[in-house]
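**Q** I'd like to ask you about the structure that follows.
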Amino acid sequence: MNRIIHIPRIIIFLLSILLTTGCSNDINEVQNLNFATAIGVDFKDNKYHIYIQMLGLSSVAKTEDVPNAPPQVYISETIGETFIDAFFKAYRTSQERIIWAHVTAIVLSESALNKGIENIYDGLTRYYEFRPTPWVFGTLEPIADILSANGFFNQSSLNTILHSPQSSYEQGSWVRPIRLNKFARELLEPVQTTYIPTLKINRKQWKKNKEAESKLEINGAFFLKNKEYKGFFELNDIKGIRWIASETERASILVPSKENPEFLSVFEEQYVKIIPIKVNGRYKYDVVFFAKGYISNRLKNNVLNVNHMQNFVKDSIISQIKDFYQLGLDKNIDFLNLEYQLYRKHNSKWKQMTKKNEPFLEEDSINDFKAYISLQHSGSFKKQKIKIND
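In numbering that gives the first Met the number 0, the protein residues as written are 0 to 389.
Here it is, written out as structure tokens:
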């Protein structure tokens, strides 16, 4: 005989209320939140200026109703005596709760770095919603302009190098993009020179329906050492940086020079070693570069054998690394991290030199520059080897 269990009506009523309330909150939660996607930090008139970028959901997920609508980008600017004070002022006009977990880019001005990075980093990492993986950039331009730049075809800022620098870096590597956690690790590492790429607005290169359309570009780098800002350098002045960066994925070079080019070579496999060696009782350094690439475009019909081509490329790359090193000597910046190599590999010697206040960067600090180049094939036909003419 089946037994019928009677559940009191009051229990059923309470359960229905709880379930209904929970579902309705889940449905409305996303549309009632503000999602911050980027943060900018400037320091002017002895105060922090904080910029917050927010993108409308329709800018991220395109709808059929308005497929060609321009992206909705909101930029907030607040001013405070401290970094966190300026942040809290943003809540006064936020209308809804701001979610910080989706911040994927941080832009720092030169004056903010001069003021000191520690206060900014401490403020960001103390709040649990902030992730340690946003991309970090610098800029000399108004931060609001950088955060307002959009991508192609009415795409939002999420489709620019501000939020997605890795994709364009894979095609043409210049200044490596860096995330906050790695930047902090290098910044806090004793005697290591680190850097972040800088952004600017290019207002000339691209046109939309014959009208100029601004786009972001990497135009150089900010350098820091021991948490101290060292300076800004444009791309043309630091061409050698891509040959010593372990992150470089694809780099090209006109050989033998930009003024008298004969062919373009492209490298997708490379690495560099900086080796401290003892010479006459003191440490010097061998800079050894290895690369494997191909000829992408021959600009002249000169008949060159592969050995001549490889020597041309080797000389050109060594020349750019030497220029980069010489710039560091002139500006007293250890671009090649020579002191860091000694600190890591011969720490007792580094301590002795530090105690005696001996210089780590001198004209003759480099013992030798070496490059080993292998040109495997020509262009897109990767199985077609370069003909070796004796």
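Glycine included, every Cβ here is placed at the ideal spot set by N, Cα and C.
Computed from a predicted model, the values in this text were never measured in an experiment.
Given a threshold of 16 other Cβ atoms within 10 Å of its Cβ, counted over all protein chains shown, does GLN269 qualify as buried or as exposed?
**A** Burial call: buried.
**Q** Flag LEU326 as yes if its beta-carbon sits less than 8 Å from any beta-carbon of chain C, otherwise no.
**A** Here chain C cannot be found, since the structure has a single protein chain.
**Q** Could you tell me which of TYR90, LEU198, LYS229, GLU210 sits nearest to ILE217, measuring between CA atoms?
**A** The shortest C-alpha separation from ILE217 is found at LEU198.
**Q** DSSP puts PRO176 in a beta bridge; with which residues?
**A** DSSP lists no partner for PRO176.
**Q** Please report the distance separating the alpha-carbon of THR192 from that of LEU161.
**A** Straight-line Cα distance between these residues: approximately 23 Å.
**Q** Leaving out five residues on either side along the sequence, give the residues of the same chain with a beta carbon under 6 Å from the beta carbon of TRP349.
**A** Excluding positions up to five away in sequence, the list reads LEU341, TYR342.
**Q** For the stretch 150-167 against the stretch 34-42, are there 3 or more C-beta pairs whose distance is under 8 Å?
**A** Taking 8 Å as the limit for Cβ pairs, the verdict is that the stretch 34-42 does touch the stretch 150-167.
**Q** Output the distance between the C-alpha atoms of ASP41 and ARG281, rounded to the nearest integer angstrom.
**A** Distance between the alpha carbons of ASP41 and ARG281 is about 43 Å.
**Q** Here's a check: name, in chain order, each residue in its chain whose Cβ is nearer than 6 Å to the Cβ of ILE372, leaving out the five neighbours to either side.
**A** Taken in chain order, the residues that qualify are ALA290, GLN309, VAL312, LYS313.
**Q** For PHE182, which option in LEU107, ASN201, LYS354 has the closest C-alpha, if you only look at C-alpha atoms?
**A** The candidate whose alpha carbon is nearest that of PHE182 is LEU107.
**Q** Quick one, are the C-beta atoms of VAL72 and SER172 less than 8 Å apart?
**A** Result no, Cβ atoms of VAL72 and SER172 do not sit closer than 8 Å.
**Q** Rounded to the nearest angstrom, how far is the Cβ of TRP242 from that of ILE332, given a contact under 8 Å?
**A** About 17 Å; that fails the 8 Å criterion.
**Q** By DSSP, does ILE4 sit in helix, in strand, or in coil?
**A** The pLDDT assigned to ILE4 is 49, lower than 50, so where the model puts this residue is not dependable, and the model offers no usable value.
**Q** With contact counted as at least three CB pairs below 8 Å, one residue from each stretch, are the stretch 119-129 and the stretch 88-102 in contact?
**A** Yes, since at least three Cβ pairs between the stretch 119-129 and the stretch 88-102 fall closer than 8 Å, the two stretches touch.
**Q** Determine the extent of the beta strand (DSSP E) in which TRP134 is found, giving its start and end residues.
**A** Per DSSP, TRP134 belongs to the beta strand (DSSP E) from 134-138.
**Q** Ordered along the chain, which non-local residues of its own chain (more than five positions away) have a Cβ less than 7 Å from that of ALA370?
**A** PHE288, LYS313, ILE316, ILE317.
**Q** Within 10 angstroms of the Cβ of SER364, are there 16 or more other Cβ atoms? Answer buried if so, exposed if not.
**A** Its Cβ being crowded by 16 or more others within 10 Å, SER364 is buried.
**Q** Measuring only the C-alpha atoms, how far is ASN366 from ARG297?
**A** Going from the Cα of ASN366 to the Cα of ARG297 covers about 34 Å.
**Q** Out of curiosity, what's the CA-to-CA distance linking GLU109 and ILE78?
**A** Between GLU109 and ILE78, the C-alpha separation is close to 17 Å.
**Q** At the level of alpha carbons, what is the spacing between ASN24 and LEU32?
**A** Its pLDDT being 48, under 50, ASN24 is placed unreliably in this model, and the value from its coordinates should be taken loosely. Taking the straight line joining both Cα atoms gives about 12 Å.
**Q** Does the distance from the C-beta atom of GLN52 to that of ILE74 stay below 8 Å?
**A** Yes. Within cutoff.
**Q** Would you decide whether GLY115 is buried or exposed? Buried here means 16 or more other CB atoms lie within 10 Å of its CB.
**A** Exposed.
**Q** Identify which residue in ILE83, PRO69, THR124 has its Cα closest to the Cα of ASN180.
**A** ASN180 has its Cα closest to that of THR124, out of ILE83, PRO69, THR124.
**Q** Classify GLU188 as helix, strand or coil using the three-state DSSP reduction.
**A** In the structure shown, GLU188 sits in coil (DSSP, three-state: anything other than H, G, I, E or B).
**Q** Kindly identify the DSSP beta-bridge partner or partners of LYS181.
**A** Answer by DSSP bridge pairing: none, since LYS181 is not bridged.
**Q** Which residues does DSSP pair with ILE83 in a beta bridge?
**A** Beta-bridge pairing links ILE83 to no other residue.
**Q** I'd like the span of the alpha helix (DSSP H) that includes ASN296, first residue to last.
**A** Segment 281-297 is the beta strand (DSSP E) holding ASN296; no alpha helix (DSSP H) there.
**Q** What separation, rounded to the nearest whole angstrom, lies between the Cα atoms of GLN375 and TYR293?
**A** Using only the alpha carbons, I get a separation of about 6 Å.
**Q** Since HIS48 is in the alpha helix (DSSP H), which residue starts that stretch and which ends it?
**A** Careful: HIS48 lies outside any alpha helix (DSSP H), inside the beta strand (DSSP E) at 46-54.
**Q** What does DSSP give as the partner residues of ILE217 in its beta bridges?
**A** According to DSSP, ILE217 bridges with LEU198.
**Q** Expressed to the nearest angstrom, what Euclidean distance is found between the alpha-carbon atoms of TYR47 and GLN165?
**A** Cα-Cα distance, rounded: 29 Å.
**Q** Do you know whose CA, among ASP144, SER295, TYR120, lies nearest VAL254's CA?
**A** Cα-wise, what sits closest to VAL254 is SER295.
**Q** For the beta strand (DSSP E) that contains ASN33, what are its first and last residues?
**A** 32-43 is the span of the beta strand (DSSP E), which, as asked, contains ASN33.
**Q** May I ask you to report which of helix, strand or coil DSSP gives ARG96?
**A** Strand at ARG96.
**Q** Have a look at LYS354 and SER347 and give me their C-alpha separation to the nearest angstrom.
**A** Taking the straight line joining both Cα atoms gives about 11 Å.
**Q** Distance check for ASN336 and GLU361, CA to CA, integer angstroms please.
**A** Near 13 Å, if we compare the C-alpha coordinates of ASN336 and GLU361.
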